[in-house]
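Beneath this line is the structure, given in structure tokens, with notes to follow.
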Amino acid sequence: MNSKSKTGFIQILRSFGRKFSDLQGLLIAILVLGTVLSILSDNFLTGNNIVNILYQATIVAVVALGQTFVILVGGIDLSVGSLIALSSVLSVGLTVNNGLPPWLGITITLILGIIFGLAHGLAVTKLRMPSLIVTLASLSLASGLAYVYSEGQNIIPVPEVFETIGNAQFFGGQIPVFIPFALVLIIISYITLTKTRFGRQIYAVGGNQMASRLAGIPSNRVIVIAFVISGLSAAVGGLMMTARLQSGSPIIGSGMELTVIAAVVIGGTSLFGGQGNVIGTVLGVLLLTMASNAIVLLSIPPNYDKVFTGLVIAIAAALDIYRQGKNTTNMSRLKRSSSGKEVAKNSNPKTEQNNSNVS
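The sequence shown begins at 161 in the working numbering and counts up one residue at a time.
Next comes the structure, spelled out in structure tokens:
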């Protein structure tokens, strides 16, 4: 490698380090947890367990990607867990109960996720309703529809396409298909947020919606698209969960909205919008999945998983509020400093004398 190549590589590493410097604490937490678990359990670092962790993380990661877009624009989507359940029973039931071709049932399910997301976005932008209230209502609505449609029962057997997808693996049966699929979606989301005009608009709207509107950014459209992405990702997550469990269930995805939001917030995406990235979300998902894996490996009662998630959300939210307050304080000091310098400049006798001479 010549000197120019080395210099370019070092610059790339430095740029990457500056861009994701806020994630250093999260990376350290993952490394510490991994080290502790490897000491406490001989099974943690086995190939099968590592693949299992990645496999368990895939569905949460897919749904969390959509949630990241919504939180970046200053919203929140509480409906994703119920949409997963509704997508599950609908995708199976339309074929098993209503006789539709599997591809049509899957297509209708994805369209339904888009419709829910579109409704959320329009309610927030046109009716000026808080996203918390809108999606909380949809949480109840989607959950109720899932129970009504399935009559509270699992729908089986699933169409053959779900069996094929659920059992598909790469590299001689070592890597479930969900892992590379989730990786592709992560890459697409990352490129969308960092390399496209829409991604820049997402951050602009989340940072200051009024200023972005004055700058000519169609903020309402950006917000609607963000919610549509979240609704679609929840529907995809429901299809993945159905393929994994081999049944259409009205209860799968229950409570997943908390896990998803926790992963996004842990990853550094601000609840106030405008700050965060996909890499942080993925690391947040990985940390939570490792914690869930630890509960299994160490034979800890499973209810502690929810306790851990709740504590993590509270801590992450508190840190986010602290960080926002600190940023606001720094901005205020900067403005006062700039104003003071301007006043001093205007009151300088030499400046006044020079101004009079010019006139």
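Just so you know, even glycine gets a beta-carbon here, dropped at the ideal spot from N, CA and C.
Remember, predicted model here, so these are calculated numbers, not experimental data.
- Judged by DSSP in its simplified three-state form, I481 adopts helix.
- Here DSSP, grouped into helix, strand and coil, assigns Q227 to helix.
- Counting only runs of 4+ residues, the alpha helix (DSSP H) found wholly inside the segment 177 to 216 occupies 184 to 200, in chain order.
- Around the beta carbon of I316, a 10 Å sphere encloses fewer than 16 other beta carbons of the protein chains shown; the residue is thus reported as exposed.
- Looking at F322, L457, A364, the one whose alpha-carbon comes closest to that of I377 is A364.
- In terms of CA proximity to N327, Q406 leads the group L292, Q406, A395, N257.
- With respect to L418, V425 sits apart: the two C-beta atoms are not nearer than 8 Å.
- Look at the beta carbons and you see the segment 247 to 254 not touching the segment 380 to 388: under three pairs across the two are nearer than 8 Å.
- Residue pairing by DSSP places G408 opposite I315 in a beta bridge.
- The straight-line gap separating the alpha-carbon atoms of P261 and G312 is approximately 23 Å.
- Burial state of M400 is buried, judged by a 10 Å Cβ sphere holding 16 or more other Cβ atoms.
- If you check the CB distance, M370 and I213 do not come in under 8 Å.
- According to the DSSP assignment, I421 belongs to the alpha helix (DSSP H) that extends over 416 to 426.
- Put simply, the segment 221 to 228 touches the segment 333 to 350. At least three CB pairs are less than 8 Å apart.
- Only residues of its own chain outside the window of five on either side were considered, and among them S242 have a CB closer than 8 Å to the CB of S300, listed in chain order.
- In this structure, G415 sits away from S247, with a CB-CB distance that is not shorter than 8 Å.
- Rounded to whole angstroms, the separation of the alpha carbons of V220 and G332 is 25 Å.
- Shown here, P261 sits in coil according to DSSP, grouped into three states, outside any helix or strand.
- Secondary structure of I335 (DSSP, three-state): strand.
- Straight-line spacing of the CA atoms in L282 and R357 works out to 22 Å.
- If you check the CB distance, L197 and A454 come in under 8 Å.
- Boundaries of the alpha helix (DSSP H) around L243: 240 to 256.
- Here the alpha carbon of N314 sits roughly 50 Å from the alpha carbon of A375.
- For Q435, the three-state secondary structure derived from DSSP is coil.
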